[in-house]
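Shown next, in structure tokens, is the structure this report addresses.
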Amino acid sequence: KLPIETINLVGPDTLTGADVAAIWSDVLGRPVVYGGDDPSGFEANMATFMPRWTAYEMRLMAERYVSDGMIPEDGDRERLVGILGRPLHGYSETARALAAA
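Below, the structure written as structure tokens:
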């Protein structure tokens with residue numbers, strides 16, 4: 001049974017947008033550039049294939065990532081490892097698996 005508390009879902013590494021772009025550049029073998037901290041372009045792109053209200057909500061989520069990040073608190077990683085019973089997967093590992101699929 002899971003604890004009745006907020007569980008921060010984090011990975012083993014804390015990455016910036018530029019870090020993630022560098023990982024995808026390496027995985028894909030071509031340049032990938034971080035789009036910056038203004039999610040309005042992200043919203044406009046999302047609105048081309050989903051309802052505008054959903055694209056707006058996605059932009060709000062992206063704004064929160066930009067303003068607050070997803071920085072793990074002390075013990076978050078260890079708590080997840082304990083719950084999952086295995087080491088956390090790194091973003092590079094996940095990107096490679098997605099690219100190979």
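Sequential numbering from 1 applies to the sequence shown in this note's numbering. For glycine and all other residues, C-beta sits at the position ideal for the given N, C-alpha and C.
Nearest candidate by alpha-carbon position, reference residue i, set the options
i, options, result
"Asp37", "Thr54, Arg64, Thr14", "Arg64"
"Phe42", "Pro31, Tyr56, Arg30, Val33", "Tyr56"
Proximity below 8 Å, CB of residue i to CB of residue j
i, j, result
"Val10", "Pro72", "yes"
"Arg96", "Val27", "yes"
"Gly82", "Pro12", "no"
"Met58", "Met70", "no"
Range covered by the alpha helix (DSSP H) that runs through residue i
i, result
"Phe42", "40-46"
"Tyr65", "52-68"
"Glu78", "76-84"
Inter-residue CB distance, residue i and residue j (contact presumed, cutoff 8 Å)
i, j, result
"Arg79", "Ile4", "Not a contact, Cβ separation roughly 14 Å."
"Val32", "Ser40", "With a Cβ gap of about 20 Å, Val32 and Ser40 do not count as contacting."
"Ile21", "Tyr34", "The sequence given here places Ala at residue 21; Ile does not occur at that position. Right, their Cβ atoms sit about 4 Å apart."
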